[in-house]
Amino acid sequence: FEASLVCTALKAIMMLTLRVQNLSRCGRRGPSAQPSRRVVRVVCHGHGHGHGHGHGHGQTSTAVLTEKDKGFIAEMRKVAMKLHTKEQAPKEGGKEAPKQQGPWTPTLPGYLRFLTESKAVYDTFERLVLHSDDYAALRNTGLERAQALADDVAWYEKTYNLKAPELLEDGPGRTYCRLLEKLAREDPPAFICHYYNFYFAHTAGGRMIGNKVGGMLLDGHTLGFYQWPAGDVNELLERVRKSINVMAESWSPDAKAHCLDETEASFKFSGVILRCITEAA
């Protein structure tokens, strides 16, 4: 799809303000309810790496350096900030802001597709991490999302009488999964870039989207996808940052540069999956 749409979707992953105009509240839809569309105007104010949003890479409020300010993680954050616009990140943004694409309209079937496509990607990440010693440090981090998504999809199907869509081989989820499998085997630095951006974005900008869309479509129900029972999510993120910093210590300068170069691609694949939220039945 058009580059401007990709940019809009990517912006929404990290930080997003949903402005709802002239919408009336409805009661909870039961199993017999039909999917509906609600118009939401999206005003994007930031991609998330700065100011305490998306990826958990915001500015620190004290002089104490945390993992996000040290080592290779700090370089990853810097590169990501360059992909922001000046509007999103006045000090570090390097992109021109795209024109507003109009209303962003989440739907019940579209959100279910987003959850289903996302589950395929998290299933793949977690299987690859589990089966390769190269990524042993990323096992059992508490950030795992596959089981929570499985539970959410089952709840969604029962509550709204919708069946989770079959994933297409050329759809966003399976396309991304094939890339991840290849990178995990052949290109660990690039795989780590995708892991880092996919998981970390979900804890901030992704969670904001979940809260807003859930409030509009699910009558305030909070999906397990947006809960981390393993502990404080900031502490979980900090441990993963440290693990990635340790892993990157053994990489050559070229491998590190290659990892950083993969950042924009990781945003693109996430953005395509996010776009599913607006699909009609």
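Here the sequence shown is numbered in the UniProt record's numbering, starting from 1 and rising by one per residue.
All C-beta atoms, glycine included, are put in the ideal place defined by N, C-alpha and C.
Check whether residue i and residue j have beta carbons under 8 Å apart
{"i": "residue 149", "j": "residue 264", "result": "no"}
{"i": "residue 153", "j": "residue 146", "result": "no"}
{"i": "residue 180", "j": "residue 173", "result": "no"}
{"i": "residue 214", "j": "residue 203", "result": "no"}
{"i": "residue 248", "j": "residue 72", "result": "yes"}
{"i": "residue 110", "j": "residue 280", "result": "yes"}
{"i": "residue 160", "j": "residue 108", "result": "yes"}
{"i": "residue 205", "j": "residue 117", "result": "no"}
{"i": "residue 267", "j": "residue 211", "result": "no"}
{"i": "residue 162", "j": "residue 112", "result": "yes"}
{"i": "residue 121", "j": "residue 277", "result": "no"}
{"i": "residue 144", "j": "residue 126", "result": "yes"}
{"i": "residue 201", "j": "residue 270", "result": "yes"}
{"i": "residue 177", "j": "residue 259", "result": "no"}
Distance between beta carbons of residue j and residue i, contact taken as under 8 Å
{"i": "residue 138", "j": "residue 240", "result": "7 Å"}
{"i": "residue 134", "j": "residue 188", "result": "5 Å"}
{"i": "residue 228", "j": "residue 236", "result": "6 Å"}
N-terminal and C-terminal residue of the alpha helix (DSSP H) that residue i is part of
{"i": "residue 286", "result": "Nothing can be reported for residue 286, as the shown portion of the chain is limited to 1 through 281."}
{"i": "residue 198", "result": "188-201"}
{"i": "residue 280", "result": "Taken as a continuous stretch (DSSP letters only), residue 280 belongs to no alpha helix (DSSP H), as it is neither H nor E."}
{"i": "residue 243", "result": "233-248"}
{"i": "residue 82", "result": "71-82"}
{"i": "residue 211", "result": "207-217"}
{"i": "residue 204", "result": "From DSSP, residue 204 is part of no alpha helix (DSSP H); its letter is neither H nor E."}
{"i": "residue 258", "result": "253-261"}
{"i": "residue 160", "result": "146-160"}
Of the listed residues the options, nearest to residue i (C-alpha basis)
{"i": "residue 66", "options": "238, 211, 198, 206", "result": "238"}
{"i": "residue 141", "options": "269, 195, 217", "result": "195"}
{"i": "residue 191", "options": "124, 105, 80", "result": "124"}
{"i": "residue 182", "options": "162, 132, 256", "result": "132"}
{"i": "residue 151", "options": "105, 134, 225", "result": "225"}
{"i": "residue 69", "options": "155, 193, 242", "result": "242"}
{"i": "residue 216", "options": "104, 80, 86, 81", "result": "104"}
{"i": "residue 275", "options": "106, 96, 81, 75", "result": "106"}
{"i": "residue 136", "options": "255, 246, 253", "result": "246"}
{"i": "residue 199", "options": "119, 99, 186", "result": "119"}
{"i": "residue 77", "options": "244, 251, 253", "result": "244"}
{"i": "residue 186", "options": "91, 75, 255, 96", "result": "255"}
{"i": "residue 86", "options": "96, 220, 257", "result": "96"}
Below-8 Å beta-carbon distance, residue i vs any chain C residue
{"i": "residue 271", "result": "Although the question refers to chain C, the structure presented lacks it and comprises just one protein chain."}
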